[in-house]
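**Q** What follows is a single structure, and I will ask about it in a moment.
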């Protein structure tokens with residue numbers, strides 16, 4: 001039985017959204033099950049998808065809190081371009 005963990009930040013993908021919608025999650029569940037079936041022949045009904053949403057404050061990258069890392073990265077892209 002395939003088990004797939006999806007980890008995302010709790011940020012919406014459209015203006016004003018603060019989390020992933022139920023419709024988006026439904027599409028992700030279907031997409032993952034379809035992909036495993038198409039690529040590996042795994043039955044869709046045997047696929048379990050676990051969706052984890054985390055507050056941005058709970059994540060770090062590049063030895064910084066995620067929000068600070070993103071600001072630094074954006075600043076370095078602006079000065080490079």
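Numbering (full-length UniProt numbering), first residue to last: 1 to 81.
C-beta atoms are modelled at their ideal positions from N, C-alpha and C, and glycine is treated no differently.
Since we're looking at a predicted model, the values are computed, not measured.
In the DSSP output, what is residue 60 paired with across the bridge?
**A** For residue 60, which the question treats as bridged, DSSP gives the partners 65.
**Q** Are the CB atoms of residue 56 and residue 3 within a distance shorter than 8 Å?
**A** It is not a contact, given that the beta carbons lie outside the stated cut-off.
**Q** Residues in the same chain with beta-carbon distance under 6 Å from residue 29, minus the five sequence neighbours each way, listed in chain order, please.
**A** Around residue 29: 49.
**Q** Please report the Cβ distance between residue 27 and residue 44, rounded to the nearest whole angstrom; I am assuming they are in contact, meaning their Cβ atoms lie under 8 Å.
**A** That pair is no contact at about 14 Å.
**Q** State yes or no: is the C-beta of residue 20 within less than 8 Å of the C-beta of residue 53?
**A** Result yes, Cβ atoms of residue 20 and residue 53 sit closer than 8 Å.
**Q** How many angstroms separate the CA atom of residue 11 from the CA atom of residue 62?
**A** Each residue's Cα considered, the two are about 20 Å apart.
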